[in-house]
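**Q**
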Amino acid sequence: MAPGMPVSSGREAIQKMLAEMISDQASRIEVAKSGDIAYTQRAYTMTTTDPNSKQVIHDHGSYLTTYRKEADGSWKA
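Each residue of the sequence shown is one higher than the one before, starting from 699 at the first, in the numbering used here.
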């Protein structure tokens, strides 16, 4: 559930909502010397409209995403 947004139900809706939220660029990327774990640091700004009150909501913040390298070489968040 994103602030001020209706609940996203189902895999496709959740993927779409998350893709929109994280489409910004990482400001920092760190990979462990072992090469099997990493993280990205990002800042975001988001403007939405509350579906009930119709008021515009401005939100901003930052977050980390941690990644683990899988046995097949792909990365999993």
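Glycine residues also receive a C-beta, built at the ideal position from the N, C-alpha and C atoms.
1. Evaluate contact between the region 727-741 and the region 704-718, counting only Cβ atoms and requiring at least three cross-stretch pairs below 8 Å.
2. Take L762 as the anchor and find which of A741, P749, S772 has the nearest alpha-carbon.
3. May I ask you to list the residues that DSSP assigns as paired with A736?
4. Can you give the beta carbon distance from T743 to R726, rounded, assuming they're within the 8 Å contact cut?
**A** According to the structure shown:
1. Fewer than three pairs of CB atoms, one per stretch, sit closer than 8 Å, so the region 727-741 makes no contact with the region 704-718.
2. It is A741.
3. The partner list for A736 (beta bridge, DSSP) reads V729, Y765.
4. Not a contact, Cβ separation roughly 17 Å.
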